[in-house]
Every structure is written in C-alpha cells, then in structure tokens.
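Chains A and B, in that order, give the protein sequences.
For the first sequence, position 354 (counting from the first letter as 1) is numbered 353 according to numbering that gives the first Met the number 0, and the numbering increases by one without interruption.
For the second sequence, position 2 (counting from the first letter as 1) is numbered 1 according to numbering that gives the first Met the number 0, and the numbering increases by one without interruption.
Ideal placement from N, C-alpha and C gives every residue a C-beta, glycine not left out.
This structure is a prediction, so every number in the text was calculated from the model and none was measured.
Only one structure is covered here, and it is reproduced in the block below.
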Amino acid sequence: MTDERRLLEGIGVSPRVGFGTGRWIGESRAETENPTTDEVDPAVEQSRYESAREVAHDSIDRDRKRALERIGENEASVFEAHREFLTDPQLTDAIETAIDDGEPAPRAVKSAFADPIEQFETMDGPMAERADDLRDVRDRLVRTLEGTDNVALESLPSGTVVLAERLTPSETARLDPERVAGFITQTGGRTAHTAIFARSLGIPAVVGIEAELAALDGEPLLVDGEAGTVIVNPTRQEQRMATAGVAQTVRSEPAETRDGQEIEVAANVGTLADLEPAREHGADGIGLFRSEFLFLERTDPPDEASQRTAYRQALEAFPNGRVIFRTLDVGGDKPISYLDMPAEGNPFLGERGIRRSLEQDRDLFEQQLRALCQAGGAVGDDGGTLSIMFPMITTVEECEAALSVLADVLEGLSETGTPAARPDVGVMIETPSAALLAAELADRVDFLSIGTNDLTQYVMAAARENERVAGLHDPLHPPVLRLLEGVVADAHEQNAWVGMCGEMAGEPRYTPLLVGLGFDELSMSAVSIPEVKDRVSGIDTAEAEELAEHLLECHTRGEVTAALERWSAGVQEGT
Amino acid sequence: MERTVTVVPEAGLHARPAATVVQTVNQHEASVQLATDGSEPVPANSMLAVSGLGVATGEQVRVIADGPDAESVLDAIEAILSSPLEEE
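In structure tokens form, the structure reads like this:
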C-alpha cells in the first residue's frame, strides 16, 4: 500500500462530503456461484423456499416502515414493488419448477431471477431500475436461504466508507447516517433509488466509479458527493475540510443566509429533559414547549408552584433566547383522568386545545397562564423571552377570549404586586380556518406559529396516523403550500412574525422553500438543528424566493417534489 | 370485457403504479391482462409482467378482464392508471 494521494472520478449523488476508512462489503451478494451440492430433497427445498419467502416478506415490510419514517413515503413505496416481485407468480413458478427438477433452493432462486434482471437491465429509462429491485429481492431470499446475512450494515463502526460493487435500495436504507461516513459503488446513477435514499439520509455518496474498489479496503477515503470524486489518502487539510463540512458541526450563533437574513432556528421540547439536548444542538430558543407532560400520567392537576418551577427552568435554559410555551393542548385522543373528557367519535374535530381551555378547563388555563407569567417575572424577563401561544384556534372570538383571560391574569398579578412578565403572545395556525384568518389573528397577537402536521391533516382531510392515506398527508400538496404562503404574507402585513413548529420545519430539504416563503423562525427536534442551520447559511434569499414562487405555481405534489429535487440538484451542481 | 386507458403517471408504469395495479388485481376475483400496442397481453397479477411492458407516460394500455369482478377491477385499474400518482 502506498500513501500516495489519488483522485477517482464518478457521479456524485448527495451534496455531502465525508471522510473515513474504506470497507469493502463485497460484490453483489448473490451473484457468486456456490459449489454444486449433492443430491437435495425437493420437498425439503420447497419448504425452505416457502419459509424464506415469509422471512423476506416480513423484512421487506420492516424496511418499508423504516423508510417511511426515515426517508419518505415516495421512497418507501419501492418496497411495495419488492413485495410484489417476491410473490410474483412467474418467478415463484419458475423457482418451484427448478426445485422440483432437483435444484437446491438458493440456486433455483438465482437462476429464476437471472433472466428478468438481464431483461430489465437492457430496458431504457427508469424501467432499468427494476433490475436493482429484483436483485434486492433475490438477495434477500438467498441470504435467508444460505444463512449468510450480509455485513451488519446497521452497525458499521463510525467513520466507515462503504465500498461495494452496488448497493440495493434496502441496503442503503439500512445504513446509519450518524455512523457511515459515505459510500462508493461501481454501478449506479443519480436517479436510482439508492441515490435518492442517500440524498434523503444525508449520506455522502459517489457512484459509478470504475476503479477496483476492493483494493480500497482499509484506505483513508474522502467521499465528495457534490463533486462526484473520491480522494484516496487525502491531505490533512482535505480531511479537516471534509469533517468541517459535516453538518453535525453545532453552531450556537444564529443562522444567517448568504445575504445576511437571520432565521431563528429553535427546538421543540416535550419534557424538561429535552432542554439540555436542545442547547447542545445549538437551538436559538424553544419554538414549541409542549406543556402536556406536566399534566399527563397524574391523578390530579399539577399545582401552580410546580408549574412555575418547570417553566422557569425552561426560561433559564435559554436566557438570551425566546421560549414559546404552548398552553395545554389536550383532547379526546389523550385522555387525562382528572379531567372530564367524554369519548368523542372524532377527537380531532372535537373539544381540544383552546376550546377546552376557554370552557371546561378554564381554571386550569388561568392557573397555567399565572404560573407562566410569574416564571417570566422570576427570571426578570422584560420582553422577548417568555412567549405563550394558544393551540387549536379556529375563530377570532377564541383568540380574543384567550387574550382577555391572559389580560385578567396579568391584572390580578399586578394587583397583588406579584412579580410577573408580560409575555409575547401568539396563535398556532393548525386549522384551515385559522390560516384563512391569519390577517385578523395576526392583527391581535405578536406572532403566528404554523403546526404543519395538523394543518396538513385538516386541509387534506387525511389523518396522520392512517397509513392508507399517508400520500395525502404531505405538506408539499399545493393547497398546503399556498396556505403557508398566505399566512406568512398576512402576518407580515400586520407586523407579526411567523414561525413553523411542525415536522416540515425540521426537514433540511425544505429549508430553502421555507426561507423563500418568508418564515422568520423554524422550530424542530433538536437533532435536526445543526443541519437546518447549515442549510440556512447556504441560502440566497432571492433565489429561495424564486424557488418558493415556482413551487406555488405547481398543480400537484408530484410537480412540487420534482421541482424541489431539480432545484437541489441544480444547487449541487453549482449553477 | 376490456377498456383502453391512457397512462398518466409521469414515470409511466413505474414501481409504485405497477405494484398498485398488481395489488388491485389480486384483491379482485377476475383474471386480468394488460397489453400495449406492440405486445401480446400479459397477466396483470405479475409485477414482472406488468413492469416488463415498459409502459411510458402517455401510452395507451388495453386492460382485459374476465370474471365476476371484471367491471369493478377495470374501474379500479383505470383509476390508478389515470391518476398522476407521482414517482420519485
């Protein structure tokens, strides 16, 4: 082995750079011929094949669910195709016939898949990718039959650069982006599922390298998924740059676009234990403090003093940042034993959030507001830190009623001379009606915060936990995007600022779109913060606005997704 | 019973629409075949056969169904092929 620096060129498929040690995981796992075995019993082989098919079926299902959670609904659908290939009558017939003719099951599987794989490989355009899918299904079956499970892709040591002849979509989906420094394959193209998975997972990847990759096992490698290059034995400086390019670099300072526009990047927290990780990941503040944890799993409501302590702790964790508390947001779907919560046929359209706070839970609401204002007073907040927002607002009257409860609470505190802070007040936009009333609501409060999960569910009439309508539950559907645009414009007109605290905010792919739409703040799970901040700093506002304008003209989610993808690809190519 | 449908999804009979067609066929009591202009009819309960047609967007597909559910399976397949369900 020489330590000479060498450059290999391929096709970059994800805009990331990574540095690590090469690890050859072999050629396509089932293409190697195994030695001919002795006589086999067809009946035994038949039942081995059947049980392997069941195992493969379950593992496809698990991968589909994992892809659904980690990557996206579109990408997960590839596993539906895999399921159909697994049970395809032409393939199963061919395999069963070969087994009847005396072939061992693994060989029967390999030979039945060989022809169709070859046929798809010669097809033009996107259909050629079916060859990858077939290989993926075949490898699953063969692995199960031969008991030779692949290298444990899920648990490769940190800093591994995976080297392979090719990676199937399911293998790619199993890579842990926190540990894998990148992957390099000999085959593959930009539009293959494997490439799309790599992009979604943020794994640096270069495909289509013509060199002998097995020889790079154990070598220090720099994978530049943007330039499409691999550097063997990179220089110290290159290594440093690669590691700095990894978005895990935490920035504690606020994120700024290239043209100097500051975007507040905050964390969503659900318990006090989430505060420290939020700080560690560089949150500017808390954009959504879900106060429910104080109320759940108890037999009686928490008293004012213990609430005060909890709120104060959150405020002290971010002395220079904003902490937005959402008032109690419960409904029939998360019953609380000490509250009167009759079962409702459709809890998401029933008594929840502010609706309960203004009626049956009014005492609790007043108490919570009192505890919040006092916590603000205790930390000496003189504006800009303590913020309160109301969930599930659908009318201007509800907003006014909630504001007047707050005004009464503040008056009460001032009458008794209790130190209290006057909070900034906001409304959550999570119903279509609130979105359409954004101007009227923004006129009455300091800020709006869009909860995209619920907003999407209500706009698209698709429950978020119902997998059967998962395709509808996507904020990239044009009506959702257009509502977002309207809310931001209306709020800004009323001099209110606008944030987003739904899952969409934590998706780095959407950061340019959200900046382009004019969001002032994005709040997300702590782990997404470094990457989103990183993304913000690469954005030019005017370009992002153009992107948003373009996406708003799309007619379908498919067009939006495609346009977004094209845009990212364009940025990646440096155009 | 048969019907001719124009394929709307942008990527043609790509992974997802093809899988959905096969799933739909398997849920109905009918024997279903697909054919394109230049091809012999192929069984629509086979992912291999359906993908193998290599149908691109805008192409016409002949759907032939036979059996008690023929009518409803034709409706269902027509709906899949003519909705712009996107891929990638």
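Checklist line | 8 Å Cβ shell around A:A111 - same chain, five flanking residues per side excluded | finding: L90, A93, I94, A97
Next item on the list: Assign B:Q59 to one of two classes, buried (16 or more other C-beta atoms within 10 Å of its C-beta) or exposed (fewer than that).
Entry: By the 10 Å Cβ count, B:Q59 comes out exposed.
Item checked: is_contact[B:V6, chain A] using C-beta, thresh 8 Å -> no
Check: Leaving out five residues before and five after A:L144 in sequence, what residues of the same chain have Cβ atoms less than 8 Å from its Cβ?
Finding: R47, Y48, A51, A104, P105, V108
Next item on the list: Give the interface partners of A:M122 over in chain B, defined as CB-CB distance under 8 Å, in chain order.
Entry: Chain B residues near A:M122: G53.
Check: Sorted by chain position, which residues of the same chain lie with C-beta nearer than 6 Å to B:G66's C-beta, five sequence neighbours on each side aside?
Finding: E28, A29, S30
Note to self: Can you pull the chain A neighbours of B:H13, defined as C-beta to C-beta under 7 Å?
What the structure shows: Neighbours of B:H13 on chain A, chain order: P125.
Notebook entry, point to check: Would a C-beta distance cut-off of 8 Å place A:Q256 and A:D445 closer than the cut-off?
Noted result: For clarity, residue 256 of chain A is Thr in the given sequence; the question names Gln instead. Not in contact: A:T256 and A:D445 (Cβ atoms no closer than 8 Å).
Notebook entry, point to check: Quick one: what's got a C-beta closer than 8 Å to A:S386's C-beta in the same chain, skipping five residues either side?
Noted result: R321, V322, I323, F324, P422, D423, V424, G425, D445, F446
Item checked: Nonlocal neighbours in the same chain, by C-beta distance under 8 Å from B:T56, ignoring five residues either side -> Only V6, V7, P8, E9, A10, G11 meet the Cβ criterion.
Margin query: With a threshold of 8 Å on Cβ separation, who are the neighbours of A:V245 within its own chain once the five nearest residues in sequence on each side are excluded?
Written below: With a pLDDT of 48 at A:V245, under the threshold of 50, the predicted position of this residue should be treated as unreliable, though the coordinate-derived value follows. The answer, listed in chain order, is R15, V16, G17.
Note to self: When you compare the CB of B:L80 with every CB in chain A, is at least one pair closer than 8 Å?
What the structure shows: no
Notebook entry, point to check: Between A:V206 and A:T184, which are expected to be in contact by the criterion C-beta below 8 Å, what is the C-beta distance as a whole number of angstroms?
Noted result: 5 Å
Item checked: Spatial neighbours of A:P34 in its chain, beta-carbon cut-off 7 Å, leaving aside the 5 residues before and after -> Caution is warranted here: a pLDDT of 49 is assigned to A:P34, below 50, making its placement in the model unreliable, and the coordinate value is therefore given only provisionally. Excluding residues within five positions, none has a Cβ falling inside 7 Å.
Checklist line | Selection of the stretch 44-74 of chain B by Cβ proximity to chain A, strictly under 8 Å | finding: N44, S45, M46, L47, A48, S50, G51, G53, A55
Margin query: Quick check for students: name the residue ranges of the alpha helix (DSSP H) that lie wholly in the stretch 213-290 of chain A, counting only runs of 4 or more.
Written below: 235-244, 274-279
Next item on the list: Please report the residue range of the alpha helix (DSSP H) in which A:E365 lies.
Entry: 361-377
Check: Below 8 Å between beta carbons: does that hold for A:F389 and A:M427?
Finding: Contact flag set, yes.
Item checked: Top-ranked residue by Cα proximity to A:E74, from A:G470, A:E396, A:A441, A:Y337 -> A:G470
Next item on the list: Mind the definition here: the stretch 259-268 of chain A touches the stretch 282-296 of chain A only if three or more C-beta pairs lie below 8 Å; say whether that holds.
Entry: yes
Notebook entry, point to check: Grouping DSSP H, G and I as helix and E and B as strand, with all else coil, what is A:V15?
Noted result: Checking the sequence shown, residue 15 of chain A turns out to be Arg, not Val. Of the three classes helix, strand and coil, the one that applies to A:R15 here is coil, per DSSP.
Checklist line | For B:D36, the nearest candidate out of B:V54, B:A64, B:S50 (CA to CA) | finding: B:V54
Check: Near B:E77, which residues of its chain fall below 8 Å by C-beta distance, leaving aside the five closest residues on each side in sequence?
Finding: R2, V4, V62
Notebook entry, point to check: What residues are listed by DSSP as bridge partners for A:D533?
Noted result: None; A:D533 has no bridge partner.
Note to self: Assuming contact is defined by CB atoms lying nearer than 8 Å, are A:A419 and A:R311 in contact in what I supplied?
What the structure shows: Cβ atoms of A:A419 and A:R311: not closer than 8 Å.
Notebook entry, point to check: Is the beta carbon of A:L155 sitting closer than 8 Å to the one on A:R22?
Noted result: yes
Check: Where does A:A461 fall in DSSP's three states?
Finding: coil
Check: Tell me, which residues are paired with A:A204 by DSSP?
Finding: A:F182
Next item on the list: Could you list which residues in chain A have their beta carbon closer than 7 Å to that of B:V21, in chain order?
Entry: E83
Notebook entry, point to check: For A:S567 and chain B, any beta-carbon pair shorter than 8 Å?
Noted result: no
Next item on the list: Please list, in chain order, all residues of the same chain as A:T193 whose beta carbon is under 6 Å from its beta carbon, the five residues on each side excluded.
Entry: If the five residues before and after A:T193 are omitted, its C-beta is found closer than 6 Å to the C-beta atoms of L166, P168, T171, G187, all from its own chain and listed in chain order.
Next item on the list: Quick one: measure Cβ to Cβ for A:D99 and A:P41, integer angstroms, because I've assumed they're closer than 8 Å.
Entry: 5 Å
Next item on the list: Verify the CB distance criterion: does A:V77 have a CB-CB separation below 8 Å to chain B?
Entry: yes
Margin query: According to DSSP, is B:S45 part of a helix, a strand, or is it coil?
Written below: coil
Check: Mind checking whether A:V229 and A:A204 have CB atoms under 8 Å apart?
Finding: no
Margin query: Just to confirm the assignment: which complete beta strand (DSSP E) runs, minimum length 3, are found wholly within the stretch 109-186 of chain A?
Written below: 159-163, 179-184
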